[in-house]
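Taking our numbering, the leading residue of the sequence shown gets 40, the next gets one more, and so forth. Where is the CB? At the ideal position from N, CA and C, for every residue including glycine.
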Amino acid sequence: MSYRQIYYQIVFSTKYRRKSIAEENSIQLYKYIAGIIKNMKCTPYCINGIEDHIHIFSDLHPSVALADYIKEIKVSSNKWMKQSGLFPAFNAWQESYGAFTYSHKERNRIFNYVKNQKEHHQKEPYLHEIKRLLTENGVDFEGKYLF
Numbered sequence: 040m041s042y043r044q045i046y047y048q049i050v051f052s053t054k055y056r057r058k059s060i061a062e063e064n065s066i067q068l069y070k071y072i073a074g075i076i077k078n079m080k081c082t083p084y085c086i087n088g089i090e091d092h093i094h095i096f097s098d099l100h101p102s103v104a105l106a107d108y109i110k111e112i113k114v115s116s117n118k119w120m121k122q123s124g125l126f127p128a129f130n131a132w133q134e135s136y137g138a139f140t141y142s143h144k145e146r147n148r149i150f151n152y153v154k155n156q157k158e159h160h161q162k163e164p165y166l167h168e169i170k171r172l173l174t175e176n177g178v179d180f181e182g183k184y185l186f
């Protein structure tokens, strides 16, 4: 038997960061994404966001590659968002994403961070947030690719 604990915070935005995730329907989107995650043998702990991006805090089953995991979430939710009619301004997800790992000791802090996205973004814009997350996690990046 193998043992593992892999916590990820995944962040991705709408294409061109358009404000196209209608807040009144966002809970339905998050539930749909949670279903995708469960179908991949992973556990969604918290999903939240604002009009132009989302955060997913989940574990990652060892049989699932990170790139495949994110691709499945984006492709399936993209299709559902367009077919549901609940997000008429939504065009697509941006190609890029941020994925950050955390220890079990950090679980509650990250859970609360994702849970409180609306309040958080009253103080920090998305672009500052993603730069901060990349820097805190030691990820080299070029600013021109964040826009």
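#### Entry: Cα-Cα separation between Asn78 and Glu90, rounded to whole angstroms
In this structure, the alpha-carbon of Asn78 lies about 26 Å from that of Glu90.
### Message
Give the list of continuous alpha helix (DSSP H) stretches no shorter than 4 residues that lie fully inside the segment 159-183.
### Response
Within the segment 159-183, the runs of alpha helix (DSSP H) at least 4 residues long that lie entirely inside it are, in chain order, 165-175.
### Query
What are the boundary residues of the alpha helix (DSSP H) that includes Gly34?
A query on residue 34 cannot be resolved here, the shown segment of the chain reaching from 40 to 186 and no further.
### Task
Using DSSP bridges, identify the partner residues of Ile86.
Beta-bridge pairing links Ile86 to Ile95.
#### Entry: Boundaries of the alpha helix (DSSP H) in which Val153 is found, first to last residue
Residues 146-154.
### Task
Counting only the same chain and skipping the five closest in sequence on each side, list residues whose C-beta sits under 8 Å from that of Asp98.
Excluding sequence neighbours, Asp98 sits near Gln44, Ile45, Tyr46, Tyr47, Cys81, Thr82, Tyr84.
### Option nearest Phe139 by Cα separation, candidates Ile93, Ile75, Val178
Looking only at Ile93, Ile75, Val178, the smallest Cα-Cα distance to Phe139 is reached by Val178.
### Query
What does a CB cutoff of less than 7 Å around Lys58 pick up in its chain, not counting 5 residues either side in sequence?
For Lys58, same chain residues with a beta-carbon under 7 Å away, outside a window of 5 residues either side, are Glu90, Asp91 in chain order.
### Task
May I have the straight-line CA-CA distance separating Lys152 from His159, to the nearest angstrom?
It is worth fixing the name first, because residue 152 is Tyr in this sequence and not Lys. Within the model, the alpha-carbon separation for Tyr152 versus His159 is close to 8 Å.
#### Entry: Beta carbon of Tyr136 nearer than 7 Å to that of Ile95
No, Cβ-Cβ distance for Tyr136 and Ile95 is not below 7 Å.
### Task
Would you tell me roughly how many angstroms separate the C-alpha atoms of Leu105 and Ile72, rounded to the nearest one?
Between the alpha carbons of Leu105 and Ile72 lies a distance of about 15 Å.
### Query
Would you call Ile49 buried or exposed, if buried means 16 or more other Cβ atoms sit within 10 Å of its Cβ?
Buried, because 16 or more other Cβ atoms sit within 10 Å of the Cβ of Ile49.
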